[in-house]
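Reviewing the structure listed below.
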Amino acid sequence: MNGRGGVPALGVSAVIVNLTATEADEPGFVQVYASGTPQPGTSNLNVDRTGGTVSNLAIVPVGEDGQITLFTQKGAHLVVDVAGWYSNEFVRGGYTGLFVPVNPTRVLDTRDGTGAAPKPVPAQGTIDVDIAGRAGVPEDGATGVVLNLTAVDTAAPGFVTLFPAGTPLALVSSLNVDVVGQIVPNLVASPLGAGGKVSIFHQTGGNLVADVAGYFIV
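No gaps in the numbering here: position 158 of the sequence shown is 175 in the numbering used here, and each next residue is one more.
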């Protein structure tokens with residue numbers, strides 16, 4: 018992990034990753050943990066059907082070699098997308114990068130027009146959502162946000178990607194829907210983009226809901 022995906026080569030204690038299991042051979046679970054440490058008795062995500070696709074955000078300590086270990090109980094393809102990192106005692110930056118939790122506040126609901134037009138996002142569509150200055154996030158000084166993102170009434174199996182506004186669409190998924198009409202939430206961390214906004218891309222179309230859980234300061 019260290020030295021890849023925007024993670025520094027030194028001074029990292031843990032990473033925030035979005036973990037996805039897809040094309041699973043059969044139901045099972047996936048674990049992610051620091052390399053060189055004992056395998057834990059916990060799971061980071063669970064696949065409940067053959068061929069299923071499931072995502073989950075995880076905070077994972079890195080091993081002394083800067084790596085993390087993945088274990089899948091049953092066969093599946095695994096995808097790991099880096100969303101952020103935490104510094105260790107060797108990094109001194111005052112309050113830089115501090116996470117500030119807030120009372121969960123809805124900033125987007127395309128069903129009722131909160132934060133966007135009251136209609137589903139079309140297939141291959143992208144919407145921008147104002148974050149700075151809303152839901153307890155300051156107008157100035159916030160660099161990133163943590164949201165609970167939910168796909169609702171999805172038209173077909175597909176994925177949703179949240180990324181900083183004004184930047185190219187990231188080649189990652191924030192959550193995956195594998196059944197028509199399925200409701201799928203996932204916790205997402207992202208830098209703020211142009212104008213203090215984030216953008217959300219919906220591959221197959223449907224309603225989206227986003228609730229702010231906290232933010233990072235400069």
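Using N, Cα and C, we set each Cβ at its ideal position, and we do this for glycine too. These figures come from a predicted structure and were not determined experimentally.
Worksheet entry | When Lys91, Leu225, Thr167 are compared against glutamine 48, the one with the closest alpha-carbon | Counting from 1 along the sequence shown, the entry for residue 48 is found at position 31. Of Lys91, Leu225, Thr167, the residue nearest in Cα terms is Lys91.
Practice prompt. Have a look at glycine 198 and threonine 171 and give me their C-alpha separation to the nearest angstrom.
Written response: Mapped onto the sequence shown, residue 198 falls at position 181. Mapped onto the sequence shown, residue 171 falls at position 154. Each residue's alpha carbon lies about 5 angstroms from the other.
Practice prompt. Using a threshold of 8 angstroms, state whether the C-beta atoms of alanine 38 and valine 64 are closer than that.
Written response: Position 21 of the sequence shown, counting from 1, holds the residue named residue 38. Position 47 of the sequence shown, counting from 1, holds the residue named residue 64. Result yes, Cβ atoms of alanine 38 and valine 64 sit closer than 8 angstroms.
Discussion item. Determine whether the beta carbon atoms of alanine 159 and alanine 149 lie at a separation below 8 angstroms.
Written reply: By 1-based counting over the sequence shown, the position of residue 159 is 142. By 1-based counting over the sequence shown, the position of residue 149 is 132. Yes; because the gap between Cβ atoms is below 8 angstroms, this pair is in contact.
Worksheet item: For glycine 45, which of helix, strand or coil comes out of DSSP?
Response: Translated into positions along the sequence shown, residue 45 becomes position 28. Strand.
Worksheet entry | threonine 54, buried or exposed, once every other Cβ within 10 Å from all chains shown has been counted against 16 | Position 37 of the sequence shown, counted from the first residue, corresponds to residue 54. By the 10 Å Cβ count, threonine 54 comes out exposed.
Discussion item. Just to confirm the assignment: which complete alpha helix (DSSP H) runs, minimum length 4, are found wholly within the segment 169–229?
Written reply: none
Worksheet entry | Of the listed residues Asn61, Glu81, Val196, Val154, nearest to leucine 87 (C-alpha basis) | Counting from one through the sequence shown, the residue named residue 87 turns up at place 70. Measuring from the Cα of leucine 87, the nearest candidate turns out to be Asn61.
Item to complete: May I ask you to report which of helix, strand or coil DSSP gives isoleucine 144?
Response: Residue 144 sits at position 127 when you count from the first residue of the sequence shown. Three-state DSSP puts isoleucine 144 in a strand.
Worksheet item: Taking C-beta to C-beta, are glycine 80 and alanine 41 nearer than 8 angstroms?
Response: Counting from one through the sequence shown, the residue named residue 80 turns up at place 63. Counting from one through the sequence shown, the residue named residue 41 turns up at place 24. Not in contact: glycine 80 and alanine 41 (Cβ atoms no closer than 8 angstroms).
Worksheet item: Can leucine 192 and phenylalanine 180 be called in contact, C-beta distance under 8 angstroms?
Response: Here the question's residue 192 lines up with position 175 in the sequence shown. Here the question's residue 180 lines up with position 163 in the sequence shown. No, Cβ-Cβ distance for leucine 192 and phenylalanine 180 is not below 8 angstroms.
Worksheet item: Which class does proline 135 belong to by DSSP, given the choice of helix, strand or coil?
Response: Here residue 135 refers to the residue found at position 118 when the sequence shown is read from its first residue. In this structure, proline 135 counts as coil in the three-state DSSP scheme.
Discussion item. Can you tell me whether asparagine 120 is buried or exposed? The criterion is at least 16 other CB atoms within 10 Å of its CB, across all chains shown.
Written reply: Residue 120 sits at position 103 when you count from the first residue of the sequence shown. Exposed, by the Cβ-count rule.
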